[in-house]
Amino acid sequence: MTKTKRNLLIFCITIGGLAVIAGAIMLSLYLIFTHDPQTSGEDARRIALEDFGMDEVLVVTGGSPHAEILGEYADKNLGGYIYYVLGVKDGKEMMIVVPHHYKDGSHQIDWPLQHSFTECIAALNEYAGTAVCEKDDYACVDFYDFLPSSTDYGGAVFDTPFALIFEDYIIGENEGQIVISRRTPSGSV
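The sequence shown runs 107 to 295 under the working numbering.
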């Protein structure tokens, strides 16, 4: 190999390497400035504690950005899903909505039932005849943010588009009264 060919080969390899490095830098910058971080359940918990000052988080569960209980925030670019976070601040229950994307901002909303979360859980435990849902179990409670179907839970009728689901129990309200029903494995009561 002649000296000229060797110098040309070194030059081409150097230019190729610099092009790869420049491409990697450009791709990294593109991803940094265009990536839209998505919220996780742990992010929702952190936002509740740090940004909203909750003393304790009781429930973090997913929901729909189209739910009626969101009021003015429904369909306001909340992304594909939201997180509901229920916690305690200064001894009172507090509920917030954390959207799919950080940039959309979190909001405090009113608890949609007339009875508090803890009242609903106490009623569930009374209905079951034992403490089926204790404080350690709150992380397993889901919120159902649409009007539950009476066929899903043995004909129980709800008039509020929100219910709590724990294991095979559903807790909601009808005419201001707590309604609890239980689904059996076959889907009937």
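Even glycine gets a Cβ: it sits at the ideal position worked out from N, Cα and C.
Small disclaimer: the values here were computed from a predicted structure and weren't measured.
Checklist line | Beta carbon of L219 nearer than 8 Å to that of F268 | finding: The residue given as residue 219 occupies position 113 in the sequence shown. The residue given as residue 268 occupies position 162 in the sequence shown. Yes. Within cutoff.
Note to self: Using the three-state DSSP reduction, which class does D149 fall into: helix, strand or coil?
What the structure shows: The residue labelled residue 149 in the question sits at position 43 within the sequence shown. D149 falls in the helix class under three-state DSSP.
Next item on the list: Using alpha carbons as the reference points, say which of L270, G211, T145 lies closest to L253.
Entry: Walking along the sequence shown from the start, residue 253 turns up at place 147. Ranking the options by Cα distance to L253, first place goes to L270.
Next item on the list: Go ahead and pull the three-state DSSP assignment for V191.
Entry: Residue mapping note: residue 191 aligns to position 85 of the sequence shown, counting from 1. In the three-state reduction of the DSSP assignment, V191 falls in the strand class, which pools E and B.
Next item on the list: To the nearest angstrom, report how far apart I188 and L114 are at their CA atoms.
Entry: Here residue 188 refers to the residue found at position 82 of the sequence shown. Here residue 114 refers to the residue found at position 8 of the sequence shown. Rounded to whole angstroms, I188 to L114 spans 58 Å at the Cα level.
Margin query: In the DSSP output, what is N280 paired with across the bridge?
Written below: For the purposes of this step, residue 280 is taken as the residue at position 174 of the sequence shown. As computed with DSSP, N280 is found in a beta bridge with Q283.
Margin query: Quick check on the burial criterion: 16 or more other C-beta atoms within 10 angstroms. Buried or exposed for G293?
Written below: Here residue 293 refers to the residue found at position 187 of the sequence shown. At G293, the pLDDT of 48 sits below 50, so the modelled position is not reliable; the number obtained from the coordinates is stated separately. Classification for G293: exposed.
Next item on the list: Quick one: grab the DSSP three-state call for L253.
Entry: By one-based count along the sequence shown, residue 253 stands at place 147. Looking at L253 - three-state DSSP - the assignment turns out to be coil, as it is neither helix nor strand.
Notebook entry, point to check: Looking at C-beta atoms only, is the number of pairs between the region 269-283 and the region 196-215 that lie closer than 8 Å three or more?
Noted result: no
Notebook entry, point to check: Would you say I175 and I215 are within 8 Å of each other, going by their C-beta atoms?
Noted result: For the purposes of this step, residue 175 is taken as the residue at position 69 of the sequence shown. For the purposes of this step, residue 215 is taken as the residue at position 109 of the sequence shown. Yes. Within cutoff.
Next item on the list: Hey, could you find the ends of the alpha helix (DSSP H) E232 is sitting in?
Entry: Numbered from 1 along the sequence shown, position 126 holds the residue referred to as residue 232. 223-234 is the span of the alpha helix (DSSP H), which, as asked, contains E232.
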